[in-house]
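Worksheet: one structure, shown below.
Protein chains in written order, with the numbering used here: chain E, 1 to 51; chain X, 1 to 231; chain Z, 1 to 225.
Put into structure tokens, the structure is as follows:
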């Protein structure tokens, strides 16, 4: 593997890993956001049953 | 879109621009090194990576300390997010160092001081993340992790000293020592490449940190809402 | 000083319990000896090579034996909510830390006092006159191990997979101690005296002092978790 081969390997792995991590992070972000919105707008269960 | 989301977007955009310019400068503008050749370009990744990792661990330390002192959830969220990113950037540092080492020293791995130290850092903070995930009670997990975050950080200088002593006493000096860069002879374009790369990494780091922090914050809110709603 | 008095009381309690049942002590002792046998079968080396590897093998044996002891450290308190009772009492948490550390230290020292000469005999080593110096190094290293180990043992008290997690978080932090003790012992065995290894000794002492202080100050928060 020539010098540029190693350089591309390094840069490739770094960029690839960061992009993949970012994608997973964005997915966690979206899922959490959706869940928060869902919970905020849902009815409070059992709130009408006041003793 | 909310204000903070917009700000994150701008930060991300800036990071992308800086990284792109950094890539261009590192790969196209900066000349190859006199001794190491093109392979030296990996240093434009390696040095910013390890510095970012150190910054991360410092943030873990601060967050842990503040959490133990004031018990504010946001400090714990910061520590956790910083630890995760720290592990990511440390792993990248090791991979970059290894790839640089193959053409330079002929081996994928060697137990020289810097690689060894970086590997130890990875182990410590991976342990931090494991500790968090294995304790079920959230407040306990936060407290335990905070203690580990502080002790780990305090131990780092001691680990640093011991590994360096060990390696300098036993290892014969190598011809190519990356820490012995003759700064007077460094081409200005190389310095520029390094600086831009570093800025790009920093911006990217803070962008990812803000996202990860927010995820943690939202998870907190989800827990609270679930309790409230009885869902 | 109240701190020392409380430490002494707590320590006596643990020692008394241990004297009656001798669970931990015997297990640690047998495990340490067992490891020596395992090493003998694993490393089929010439006698002089063994002498070179002796410090490392010895320390590995102590590390693993000590980890056993650490896993047991708060066992008595876990049963019957004794830990809660201790926390409710007006005891200085620092005293509890010092007591637990000293307890584990005493156990380990007892085991080491037997295992070291045993190692010398089983592996046909000479240099019996150097044992006191070697023991000093072992003492300092064991102190470091017990100090950090007690903190980590308390931290992981309520974690799942505790037996695996404890060494996982402890060992990377122990690296200065491991390096320092083994290098010191090697130097003593090679030159008959400490020589340049004195800097390693200073590192060990520094490590012990720093983390004993940190432990006493921080143990309040450790136990809350």
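Beta carbons: idealized from backbone N, C-alpha and C, even for Gly.
Being a predicted model, the structure only gives us computed values, none of them experimental.
Candidates Z:119, Z:185, Z:169: closest to residue 199 of chain Z by CA position: Ranked by Cα distance from residue 199 of chain Z, the first of Z:119, Z:185, Z:169 is Z:185.
Minimum C-alpha distance to residue 82 of chain X - residue among X:99, X:140, X:56, X:110: X:56
For residue 223 of chain Z, three-class secondary structure by DSSP: helix
Rounded straight-line distance, which links the Cα of residue 86 of chain X to that of residue 41 of chain Z: 41 Å
Contacts of residue 94 of chain X in chain E (Cβ-Cβ under 8 Å): Near residue 94 of chain X there are no residues of chain E at all, since even the closest Cβ is about 11 Å away, more than 8 Å.
Touching by the beta-carbon criterion (3+ pairs, under 8 Å), the stretch 201 to 215 of chain X and the stretch 8 to 25 of chain X: yes
Contacts that residue 172 of chain Z makes with chain X (C-beta to C-beta distance below 7 Å): 120, 123, 124, 127
Expected contact under 8 Å - CB spacing of residue 118 of chain X and residue 50 of chain X to nearest Å: 7 Å
Spatially closest choice to residue 147 of chain Z from Z:49, Z:62, Z:213, by CA coordinates: Z:213
Residue 189 of chain X beta carbon less than 9 Å from that of residue 17 of chain X: No, these two residues do not count as a Cβ contact at 9 Å.
Members of the stretch 95 to 120 of chain Z near chain X, C-beta cut-off 8 Å: none
Cβ pair count under 8 Å reaching 3, the stretch 142 to 156 of chain Z against the stretch 99 to 114 of chain Z: yes
Collapsed DSSP secondary structure at residue 33 of chain X in the structure displayed: strand
Residue 234 of chain Z vs residue 215 of chain Z beta-carbon contact at 9 Å: Outside the shown range of chain Z (1 to 225) lies residue 234 of chain Z, about which nothing can therefore be said.
For residue 159 of chain Z, the three-state DSSP class (helix, strand or coil): strand
Spatially closest choice to residue 60 of chain X from X:230, X:154, X:197, by CA coordinates: X:154
Host alpha helix (DSSP H) of residue 111 of chain X (start-end): In the DSSP annotation of this structure, residue 111 of chain X is not part of any alpha helix (DSSP H), being labelled neither H nor E.
Neighbour flag for residue 161 of chain Z against chain X, beta carbons, 9 Å: yes
Alpha-carbon spacing of residue 311 of chain Z relative to residue 126 of chain X, whole angstroms: With chain Z running from 1 to 225 in the structure shown, residue 311 of chain Z is simply not present.
8 Å Cβ shell around residue 131 of chain X - same chain, five flanking residues per side excluded: 141, 144, 145, 148
Min CB distance residue 222 of chain X to chain E below 9 Å: yes
Close Cβ partners of residue 188 of chain Z (< 8 Å) along its chain, the five nearest in sequence each way excluded: 130, 133, 134, 137, 194, 197
Residue 173 of chain X - DSSP class collapsed to helix/strand/coil: A caution first: residue 173 of chain X carries a pLDDT of 43, below 50, which makes its placement in the model too unreliable to give a value.
Inter-stretch contact (C-beta, 8 Å, three-pair minimum) for the stretch 93 to 107 of chain X and the stretch 58 to 75 of chain X: no
C-beta atoms of residue 203 of chain X and residue 44 of chain X nearer than 9 Å: no
CA nearest to the CA of residue 174 of chain Z, picked from Z:164, Z:208, Z:162: Taking only the C-alpha atoms, the option nearest residue 174 of chain Z is Z:208.
Residue-chain proximity (residue 211 of chain Z, chain X), Cβ-Cβ < 9 Å: True, the Cβ-Cβ gap to chain X drops below 9 Å.
Stretch pair the stretch 56 to 67 of chain Z + the stretch 28 to 37 of chain Z: three plus CB contacts closer than 8 Å: Touching, yes, given that three or more Cβ pairs across the two stretches are closer than 8 Å.
Rounded distance between the beta-carbons of residue 47 of chain Z and residue 182 of chain Z, thought under 8 Å: About 19 Å; that fails the 8 Å criterion.
Exposure of residue 2 of chain E, with buried meaning 16 or more beta-carbon neighbours within 10 Å: exposed
CB-CB length for residue 69 of chain Z against residue 28 of chain Z, believed under 8 Å: 5 Å
Cα-Cα separation between residue 4 of chain X and residue 95 of chain X, rounded to whole angstroms: 34 Å
Contact set between the stretch 26 to 56 of chain X and chain E, restricted to residues whose Cβ is under 7 Å from the partner: 37, 38, 39, 41, 42, 45
Chain X contacts made by the stretch 184 to 208 of chain Z, where a contact means CB separation under 9 Å: 196, 199, 200, 203, 206, 207
Paired residues, beta bridge with residue 159 of chain X - DSSP: DSSP lists no partner for residue 159 of chain X.
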